[in-house]
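Enquirer:
Chains as they are written, first to last, in the numbering used here: chain A, 1 to 355; chain B, 356 to 710.
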């Protein structure tokens, strides 16, 4: 058995892979592959409807919010958000907690004035800035709730009366959130929602249509809402597999249940990192992510050796991002505690053999 | 056996479905699903490289052109093309041969002056306008080579010295083309290239970087070229299945071979439409498409009855688009002559039983 700690695209449940493979040969007993059915067929319209309904149920999305399945990943949202929301000459506030947060701000600069309210860049983003001011005349405030590369996570929405937009690409569906606190939530699917190729957007309807900009149809949230995520051919298979994965999550007991598992998984690994004399965490303890656990060695020369052991133990994808180094264990919903234990065992084995 | 005449997403070869399903369970003997592998893995980088190389080989793409795999479908290209190419205050020329051609022009109006050089809208797009002038001061000329809804196709590029952009979503890879005649070719994959979720763009490098516009990174062709279609997480599975399909096409003998099959398939069906006293074609004979064959009945009241027979004979997806009515048989690369014969047989059976 392989233990896939990859940062994304990432592990999904084995049951989902089984169903997903079956539908490529015969979708829903239609005698057709899911890859060849019309996106306008009754069968696929039901897939989209069920996927939306599962998102609404699992995240308890209020009725005055729309749920959209788009393309282009979070990176496309970096541009679509200001294109839809910022009036000409308008201003938005961004919190800089990493490369992705910083890219979001950079793209927004094409559309207006961008204030960086705080940044932890000077420490290579090892912590989340606190106690910053969000200008009250900003059209919106944007932040990234989980910083995949640096292993930090923001569990509480920063307090502000300014409409708040959050990139939850790598922690959505991993813990309970109050959607009503936010005005727009977006996430590339390829962590806890599904495979690559689809992007989830949850947007409060009355946030839209106010910027006065002329927006190309394909980039206009209101057009996608009107068309029920079917303005043009959607990424059929990515939505279908997301539906299977959301069904799995619901059957597991929903987000409340998975959050408890995620807490235990993260604690198990962080405990070992603290206990083991060869390893140390890189993120500030109070900001540690439950999804991406970053750690290094006191003796960096040994890191290659541990990677070799990890490979022998079928621990996949634990090499750290080049900008942090060391290791990163991404422990998304579908990764079981067995895999955490396998990693912990390898860390202990390494310690034993180097005493 | 089902005969899938759907307009897109559409039939792909059964061999492709078999391989595509296998990789969802175990990709390339990695012990991992294609849905959970990192897009930065060596294995997936090889997929992208092979897909590009197959496109280049099959279409004989010159070296000074880039081949990109993007998201958002042809509809996103409607906006990206003028965003990248049209200077502020610039002008582009569009030929109006249907709803999609018209939408392309409409979206471009967000970025500059758009001249419609000719339109067949007054006849519900049953023919392709000829003998129009393309203004020499246009930055580019845009047309749609195959009009899926109306069953018309433009086989010869209109003569002009103005850089020419073509939407080949529904006929790319179905017939030989000379890429060097064009400056940019684009196509949603979900007809002859692969499943929904990926868009092919073939662009002459020296067309780019001249508009003087500030373009969000995700919409900038040059950024995608620099990143080898990996600026952000690509639609992994859609690219993978496209690769399988392009391998199949190459093994069939490439485009020269498939074009011969497509000619025979189309001729067989058009011949029956002409011969059979109950049916008649809707498109002008000289502009008839080889991919989407549109036809109606002399007695429209009988159309529902023929649809019922078609369903009984496992002929899927032949109901015409609402704006044309009647029937549409989409006869893409993967649809074999057996399926054409099954449709012809049903048409003859219908004729016999109504004599």
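For every residue, glycine included, the Cβ atom is placed at its ideal position computed from N, Cα and C. Here the structure is a predicted model, which is why all the values come from computation and not from measurement.
Would you say residue 262 of chain A reaches chain B, if we count a Cβ-Cβ gap shorter than 9 Å as a contact?
Expert: no
Enquirer: Are there three or more Cβ pairs, one per stretch, closer than 8 Å when the segment 44-57 of chain A is compared with the segment 234-253 of chain A?
Expert: Two segments are said to touch when three or more pairs of C-beta atoms, one from each, lie closer than 8 Å; by this definition the segment 44-57 of chain A touches the segment 234-253 of chain A.
Enquirer: Are any of the Cβ atoms in chain A nearer than 9 Å to that of residue 686 of chain B?
Expert: no
Enquirer: Could you confirm whether any beta carbon from chain A is found closer than 9 Å to the beta carbon of residue 572 of chain B?
Expert: yes
Enquirer: Taking a Cβ distance cut-off of 7 Å, strictly less, list which residues of the segment 591-624 of chain B are near chain A, in chain order.
Expert: 591, 592, 593 and 596
Enquirer: Taking 9 Å as the CB-CB cut-off, is residue 442 of chain B touching chain A?
Expert: no
Enquirer: Do you know offhand how far residue 525 of chain B's Cα is from residue 276 of chain A's?
Expert: Roughly 59 Å between the two C-alpha positions.
Enquirer: Out of A/14, A/7 and A/8, state which residue places its alpha-carbon closest to the alpha-carbon of residue 336 of chain A.
Expert: When only C-alpha atoms are compared, the closest one is A/14.
Enquirer: Who are the Cβ neighbours of residue 116 of chain A in its own chain at under 7 Å, not counting the five residues just before and after it?
Expert: 94, 96 and 105
Enquirer: Measuring CA to CA, which of B/458, B/640 and B/420 is closest to residue 433 of chain B?
Expert: B/458
Enquirer: Using the Cα positions of residue 219 of chain A and residue 308 of chain A, report the straight-line distance between them to the nearest angstrom.
Expert: 45 Å
Enquirer: DSSP on residue 647 of chain B, reduced to helix/strand/coil?
Expert: strand
Enquirer: Quick one: Cα of residue 324 of chain A to Cα of residue 475 of chain B, how far?
Expert: 59 Å
Enquirer: Measure the alpha-carbon distance for residue 191 of chain A versus residue 185 of chain A and round it to whole angstroms.
Expert: 15 Å
Enquirer: To the nearest angstrom, how far is it from the Cα of residue 427 of chain B to the Cα of residue 440 of chain B?
Expert: Looking at the two C-alpha atoms, the distance is approximately 18 Å.
Enquirer: So, does the CB of residue 372 of chain B fall closer than 9 Å to a CB anywhere in chain A?
Expert: yes
Enquirer: If you check the beta carbons only, do residue 516 of chain B and residue 676 of chain B fall under 9 Å apart?
Expert: no
Enquirer: State the start and end residues of the unbroken alpha helix (DSSP H) segment that holds residue 399 of chain B.
Expert: 397-414
Enquirer: Among A/25, A/101, A/59 and A/221, whose alpha-carbon lies nearest the alpha-carbon of residue 146 of chain A?
Expert: A/101
Enquirer: In the segment 545-561 of chain B, which residues sit with their C-beta less than 7 Å from some C-beta in chain A, listed in chain order?
Expert: Result list: 545, 550, 551 and 552.
Enquirer: Do residue 380 of chain B and residue 388 of chain B have their C-beta atoms within less than 9 Å of each other?
Expert: yes
Enquirer: Threshold first: 3 residues or longer. Then list the beta strand (DSSP E) segments lying entirely within the segment 299-341 of chain A, N to C.
Expert: Unbroken beta strand (DSSP E) stretches of 3 residues or longer found wholly inside the segment 299-341 of chain A: 327-330, given in chain order.
Enquirer: Contact defined as beta carbons within less than 8 Å: I believe residue 604 of chain B pairs with residue 594 of chain B. What is the distance between those atoms, to the nearest angstrom?
Expert: Between residue 594 of chain B and residue 604 of chain B the Cβ distance is about 15 Å, and since that is not below 8 Å, they are no contact.
Enquirer: For my contact list, residue 291 of chain A and residue 279 of chain A are in at a C-beta cut-off of 8 Å; report their separation, rounded to the angstrom.
Expert: Rounded, the Cβ-Cβ distance is 19 Å, inconsistent with contact.
Enquirer: Mapping DSSP to helix, strand and coil, what is residue 103 of chain A?
Expert: helix
Enquirer: Please list, in chain order, the chain A residues whose beta carbon lies closer than 8 Å to that of residue 384 of chain B.
Expert: Under the 8 Å cutoff, chain A gives no residues; its nearest Cβ is about 12 Å from residue 384 of chain B.
Enquirer: Would you list the residues sitting across from residue 359 of chain B in a DSSP beta bridge?
Expert: DSSP, once it has assigned bridges, lists B/671 as partnering residue 359 of chain B.
Enquirer: Could you work out which residue in A/313, A/252, A/226 and A/328 is closest to residue 273 of chain A when comparing CA atoms only?
Expert: A/328
Enquirer: Judging by CA-CA distance, which residue of A/57, A/236 and A/344 is the nearest neighbour of residue 369 of chain A?
Expert: There is no way to answer for residue 369 of chain A, as the model of chain A reaches only from 1 to 355.
Enquirer: Quick check: the Cα distance between residue 69 of chain A and residue 143 of chain A, rounded to an integer number of angstroms?
Expert: 21 Å
Enquirer: By alpha-carbon positions, which one of A/338, A/41 and A/74 ends up nearest to residue 189 of chain A?
Expert: A/74
Enquirer: Hey, out of B/514, B/670 and B/532, whose CA is closest to residue 416 of chain B's CA?
Expert: B/532
Enquirer: Could you give the DSSP three-state label for residue 249 of chain A: helix, strand or coil?
Expert: Note: residue 249 of chain A maps to helix in three-state DSSP.
Enquirer: Using DSSP bridges, identify the partner residues of residue 164 of chain A.
Expert: Its beta-bridge partners are A/141.
Enquirer: List the whole-angstrom C-beta distance separating residue 420 of chain B from residue 581 of chain B, where the pair is believed to meet the contact cut-off of C-beta under 8 Å.
Expert: Between residue 581 of chain B and residue 420 of chain B the Cβ distance is about 15 Å, and since that is not below 8 Å, they are no contact.
Enquirer: Mind listing the chain A neighbours of residue 402 of chain B? Cutoff is C-beta to C-beta under 8 Å, in chain order.
Expert: Residue 402 of chain B does not reach chain A, its nearest Cβ partner there being about 12 Å away, counting only Cβ pairs nearer than 8 Å.
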